[in-house]
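Chains A and B, in that order, are what the protein sequence lines are.
So the first sequence is residues 10 to 376, counted in this note's numbering.
So the second sequence is residues 269 to 589, counted in this note's numbering.
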Amino acid sequence: MSLQKRNKDERVLSIRDLNISFETSSGMVKAIRGVRMDLYRGETIAIVGESGSGKSVTVKTIMGIMASNGRIDSGTINYTFTNENGERETVDLTKMTQKEIRYRFNGKHIAMVFQDPMTSLDPTMTIGRQIMEPILLHENVSKEEAQARALKLLEEVGIENPEKRFKQYPHQLSGGMRQRVVIAIALSCNPDMLICDEPTTALDVTIQAKILELIQKLQKEHNIAVIYITHDLGVVAKVADYVDVMYAGRIIEKGDVNEIFYDPRHPYTWGLLASMPDTDTDSKRLFAIPGTPPNLLERIEGDAFAPRNPYALAIDYKAEPPMYNVGGKHRVASWLCDPRAPKVNPPEQLMERMKKMRTESAKYDND
Amino acid sequence: MTTIDYNAEPLLHVEGLKQHFKISRTYTTKAVDGISFDIYQGETYGLVGESGSGKSTTGRAIIRLYDPTDGKIIFDGHDISGKLSKEDEAYLRQNMQMIFQDPMACLNPRKKVKEIIAQGLQIHHLYSSQEELDEKVNRILDKVGLSREHATRYPQQFSGGQRQRIGIARALVMNPKLVIADEAISALDVSIQAQVVNLMKDLQDELGTTYLFIAHDLSMVKYISDRIGVMHLGHIVETGTTEEIFSNPIHPYTRSLLSAIPHPNPIVEKSRVSLEYNKEKEGVDYTKGTVHNLTKTHYVLATDEEFEKWSKIAAEHPDVF
Ligand SMILES: Nc1ncnc2c1ncn2[C@@H]1O[C@H](COP(=O)(O)OP(=O)(O)OP(=O)(O)O)[C@@H](O)[C@H]1O
Ligand SMILES: Nc1ncnc2c1ncn2[C@@H]1O[C@H](COP(=O)(O)OP(=O)(O)OP(=O)(O)O)[C@@H](O)[C@H]1O
Ligand SMILES: [Mg+2]
Ligand SMILES: [Mg+2]
């Protein structure tokens with residue numbers, strides 16, 4: 010794991026106070042409320058959190074992609090890269106148009122794997138052409154070489170008979186194959202930052218493992234920074250150095266992966282970890298966090314999770330909690346972390362699971 | 269809990285189903301190549317397997333989005349394998365629903381969510397008044413964890429997981445007898461997954477709904493399924509009760525699959541290695557295999573020699589995790 014001290018010169022991405030809203034027929038949806046995030050070369054951040062909490066909107070904004078009814082209300086996304094003259098340069102991506110970002114950075118510097126693979130593939134073009142295109146665009150290579158590289162990539166993402174698949178159209182592939190084609194396209198130009206939105210949800214666990222290992226290998230070789238968005242906490246455990254947990258448009262807890270899995274502090278994170286079935290689950294019903302997520306059309310008072318939080322304090326309904334530093338890399342936006350708050354333990358079920366996890370991991374601890 | 273009657277006629281009977289796609293004059297993809305299985309009323313049958321092994325194609329062939337190349341499909345006493353009669357078609361469309369893997373590809377971007385969900389009810393006249401229709405739509409929205417404010421939005425104005433829930437609501441609002449759920453919950457966070465799975469189980473308890481549950485998340489499959497089929501390259505290579513598949517997996521593909529399940533435990537996960545299975549290296553040819561039963565419910569597709577060899581390995585190394 011690359012959990013050394015982060016070096017400021019190695020920072021690729023720095024998001025500050027990002028606020029985004031969408032206009033709908035029933036009013037303004039405040040989708041992103043003050044997101045802050047840093048990403049350094051060679052490291053992997055996983056963003057997890059509730060469906061609809063703003064994960065995809067946040068990373069799409071990095072790529073300059075914004076729905077026509079959306080707008081950035083405030084904030085900066087500083088991106089640092091090495092320019093044509095070999096100098097480090099920083100730009101604020103929120104100040105650039107999608108066209109400019111696409112022209113300057115897409116593929117070569119920043120590559121993204123989208124959540125819905127069908128939307129990023131052109132249904133009228135063979136997949137072979139779609140993988141070759143960015144290589145031909147960004148790199149000074151012959152058609153033959155581009156084709157050879159594309160075929161190799163297809164093979165690396167685990168597609169058998171790549172020559173035959175090369176000539177097929179997206180609808181002739183299975184869901185997971187399409188997803189792998191999209192991953193191959195993203196990897197085709199050796200980007201220095203890779204953003205993967207649910208990259209492996211449509212893949213079986215063996216191919217998933219293979220792809221994650223491929224990305225890890227390329228990441229090591231080229232010192233790539235990677236952002237994963239995933240609901241699969243097993244994947245997070247496998248790849249992440251750091252984890253950001255989102256709820257209702259905010260990051261409510263962040264830390265290194267061990268801090269989040271072995272010592273979670275926010276009640277939402279507790280609920281999330283408790284909901285996941287493990288292969289030993291045999292109870293009749295799964296635990297689901299009670300209640301519904303807040304209506305983002307309305308102004309949120311206090312902690313957005315309070316109405317669903319059995320541990321909520323009176324202040325949770327009145328004031329938004331600050332980010333508490335609870336040691337190490339661990340930050341938590343919950344009043345429970347205030348020194349004046351009563352001491353509470355996570356739910357019984359989760360405590361038990363964490364105990365089991367620690368025993369299991371103790372077997373591996375000595376390396 | 270409803271009990272499942274395994275002696276009754278199955279709700280769905282699939283026999284020798286083949287679905288081939290002709291790609292060019294010389295090349296045909298045998299996406300599904302002769303599979304047979306039964307699903308009983310009130311049961312959940314999990315279908316897992318390699319990406320591209322033919323799971324979605326199986327589902328789409330059963331619900332007759334394709335014309336099957338060969339084989340028999342009997343649904344609730346109706347033969348739906350050949351050319352469909354008007355009555356059988358109507359019966360099928362009303363009583364079997366599919367939740368699709370790619371939600372965006374099957375939601376009309378020009379329709380509001382409430383129109384999308386109400387459409388099936390309207391086509392089959394399953395309501396007596398506008399109030400009843402609205403009520404049904406609102407209730408199902410609520411159950412999948414979407415709010416009423418969402419009803420007037422368009423599909424592209426949703427997050428991936430919210431969109432997936434629109435597809436789920438559209439299928440479940442019809443109260444179908446059989447639901448084919450193709451990766452229906454994979455884009456949802458674990459808490460909402462739990463909510464949807466609990467909803468599916470409630471419907472099963474109340475109405476006896478039957479599920480063909482296609483998924484990659486094996487811990488969820490294990491949790492929800494009564495029986496499981498494991499697919500590889502167009503064949504069901506092993507099937508059995510959930511208990512049998514997880515505690516006594518025989519086929520090397522099943523074993524490699526189970527060994528690759530990621531554990532949500534960072535220290536364990538970062539040092540674990542999984543089993544490998546390479547069909548070519550092992551010289552396995554699925555078309556040569558026959559059904560070898562271990563129990564009435566548990567069987568493996570293998571030749572006699574393979575079966576003997578694999579059983580021995582499984583007995584010596586029962587633990588794949
Ligand atoms: N074009 C749009 N118009 C209105 N609301 C939108 C639009 N796009 C996104 N939203 C809303 O913004 C919020 C954040 O969406 P986002 O796609 O970022 O969620 P997510 O965290 O990626 O969720 P999931 O895990 O389900 O993919 C959601 O509540 C969604 O409904
Ligand atoms: N319309 C089609 N035309 C040609 N080939 C197809 C078509 N649909 C599927 N195939 C092929 O059939 C095989 C099985 O695809 P299918 O979508 O059933 O796989 P799957 O098991 O659902 O995989 P995944 O887990 O990746 O979704 C694949 O090789 C695919 O390329
Ligand atoms: Mg998303
Ligand atoms: Mg599929």
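Where a beta carbon is used, it is the ideal one built from N, C-alpha and C, also for glycine.
Relative to the alpha-carbon of residue i, which residue among the options has its alpha-carbon at the smallest distance?
i: Ile309 (chain A); options: A:Met37, A:Met72 and A:Arg20; result: A:Met37
i: Ala76 (chain A); options: B:Leu525, B:Tyr422, B:Tyr479 and B:Gln432; result: B:Tyr422
i: Gln254 (chain B); options: B:Ile385, B:Pro377, B:Val505 and B:Glu318; result: This structure cannot settle anything about residue 254 (chain B), because the visible part of chain B is limited to 269 through 589.
i: Tyr295 (chain B); options: A:Gln225, A:Lys117 and A:Arg174; result: A:Arg174
i: Val353 (chain A); options: A:Leu295, A:Tyr326, A:Pro276 and A:Glu369; result: A:Pro276
i: Lys445 (chain B); options: B:Glu355, B:Tyr359, B:Trp578 and B:Ile581; result: B:Tyr359
i: Gly508 (chain B); options: B:Met442, B:Ile518 and B:Asn363; result: B:Ile518
i: Gln225 (chain A); options: A:Asp253, A:Ile54, A:Met72 and A:Glu96; result: A:Ile54
i: Ala211 (chain A); options: B:Thr565, B:Leu486 and B:Asp473; result: B:Leu486
i: Met202 (chain A); options: A:Lys161, A:Ala40, A:Ile56 and A:Asn232; result: A:Asn232
i: Tyr313 (chain B); options: B:Gly320, B:Ser304 and B:Ser319; result: B:Ser304
i: Gly327 (chain B); options: B:Glu318, B:Gln309, B:Glu311 and B:Val300; result: B:Val300
i: Asn115 (chain A); options: A:Ser83, A:Ile204 and A:Gln156; result: A:Ile204
What residues of chain B sit near residue i, judged by a beta carbon separation below 9 Å?
i: Asp82 (chain A); result: The contacting residues do not exist; Asp82 (chain A) stays about 18 Å from chain B at best.
i: Arg181 (chain A); result: Reading off the sequence, residue 181 (chain A) comes out as Gln, not Arg. Within 9 Å Cβ-Cβ: Phe289, Ile291 and Thr297.
i: Thr301 (chain A); result: Asp410, Gly413, Leu414 and Ser415
Please report the distance separating the alpha-carbon of residue i from that of residue j.
i: Arg407 (chain B); j: Lys379 (chain B); result: 19 Å
i: Ser459 (chain B); j: His503 (chain B); result: 33 Å
i: Ala323 (chain A); j: Pro351 (chain A); result: 12 Å
i: Phe368 (chain B); j: Gln181 (chain A); result: 16 Å
i: Asn87 (chain A); j: Ser542 (chain B); result: 40 Å
i: Ile110 (chain A); j: Glu451 (chain B); result: 34 Å
i: Ile29 (chain A); j: Ile238 (chain A); result: 19 Å
i: Gln461 (chain B); j: Glu154 (chain A); result: 44 Å
i: Leu146 (chain A); j: Val341 (chain A); result: 44 Å
i: Ser349 (chain B); j: His560 (chain B); result: 27 Å
i: Asp347 (chain B); j: Leu401 (chain B); result: 31 Å
i: Met72 (chain A); j: Phe314 (chain A); result: 29 Å
i: Asp376 (chain A); j: Val536 (chain B); result: The predicted model places Asp376 (chain A) with a pLDDT of 48, which falls under 50 and marks its position as unreliable; any figure quoted below should be read in that light. Spanning the two alpha carbons is a distance of roughly 11 Å.
i: Tyr49 (chain A); j: Ala234 (chain A); result: 6 Å
i: Glu164 (chain A); j: Asn170 (chain A); result: 8 Å
i: Pro586 (chain B); j: Pro520 (chain B); result: 12 Å
i: Ser353 (chain B); j: Asn363 (chain B); result: 15 Å
i: Ser524 (chain B); j: Ala283 (chain A); result: 27 Å
For residue i, which residues in chain A fall below 8 Å Cβ to Cβ?
i: Pro530 (chain B); result: Val214, Gln217, Ala218, Asp241, Gly243, Val244, Ala246 and Lys247
i: Leu525 (chain B); result: Asp213, Val214 and Thr215
i: Glu451 (chain B); result: Gly184, Thr210 and Ala211
i: Asn466 (chain B); result: Arg294, Leu295 and Ala297
Closer than 6 Å by C-beta to residue i: which residues in its own chain qualify, once you throw out the five before and the five after it? Chain order, please.
i: Leu242 (chain A); result: Met285
i: Val316 (chain B); result: Val489 and Val498
i: Gln217 (chain A); result: Thr209
i: Ala4 (chain A); result: With chain A running from 10 to 376 in the structure shown, residue 4 (chain A) is simply not present.
i: Pro355 (chain A); result: Trp279
i: Val100 (chain A); result: Tyr88
i: Ile272 (chain B); result: Tyr308, Gly310 and Glu311
For my contact list, residue i and residue j are in at a C-beta cut-off of 8 Å; report their separation, rounded to the angstrom.
i: Ser454 (chain B); j: His418 (chain B); result: Actually they do not touch by this definition, with Cβ atoms about 20 Å apart.
i: Lys238 (chain B); j: Ile482 (chain B); result: Since the first and last residues shown for chain B are 269 and 589, residue 238 (chain B) lies out of range.
i: Asn533 (chain B); j: Ala246 (chain A); result: 6 Å
i: Gly58 (chain A); j: Asp457 (chain B); result: 7 Å
With a threshold of 8 Å on Cβ separation, who are the neighbours of residue i within its own chain once the five nearest residues in sequence on each side are excluded?
i: Met366 (chain A); result: Phe270 and Tyr271
i: Glu574 (chain B); result: Val552 and Gly557
Which residues of chain B have a Cβ atom closer than 7 Å to the Cβ of residue i, listed in chain order?
i: Glu296 (chain A); result: The sequence shown places Phe at residue 296 (chain A), rather than the Glu named in the question. Within chain B, the residues near Phe296 (chain A) are Ala462.
i: Thr128 (chain A); result: Met372
i: Tyr88 (chain A); result: Here the premise fails: no neighbours, minimum Cβ distance about 24 Å.
i: Asp253 (chain A); result: Neighbours of Asp253 (chain A) on chain B: none; closest Cβ ~14 Å, over 7 Å.
i: Met285 (chain A); result: Val458 and Pro532
Along chain A, in chain order, which residues have C-beta atoms closer than 7 Å to that of residue i?
i: Gln369 (chain B); result: Gly184 and Ala211
i: Arg421 (chain B); result: Thr33
Please return the same chain residues whose Cβ sits closer than 7 Å to the Cβ of residue i, not counting the five positions on each side in sequence.
i: Gly137 (chain A); result: Ala159, Phe175 and Lys176
i: Gly429 (chain B); result: Ala455, Leu456, Asp457 and Ile460
i: Asn199 (chain A); result: His231
i: Met10 (chain A); result: A caution first: Met10 (chain A) carries a pLDDT of 44, below 50, which makes its placement in the model too unreliable to give a value.
i: Ala528 (chain B); result: Ser542
Report the neighbours of residue i on chain B: residues whose CB is nearer than 8 Å to its CB, in chain order.
i: Thr99 (chain A); result: Per Cβ cutoff of 8 Å: no residues; Thr99 (chain A) is ~30 Å from chain B at best.
Residue i touches chain A at which residues, Cβ-Cβ below 9 Å?
i: Gln425 (chain B); result: Phe31, Thr33, Val38, Ala76 and Asn78
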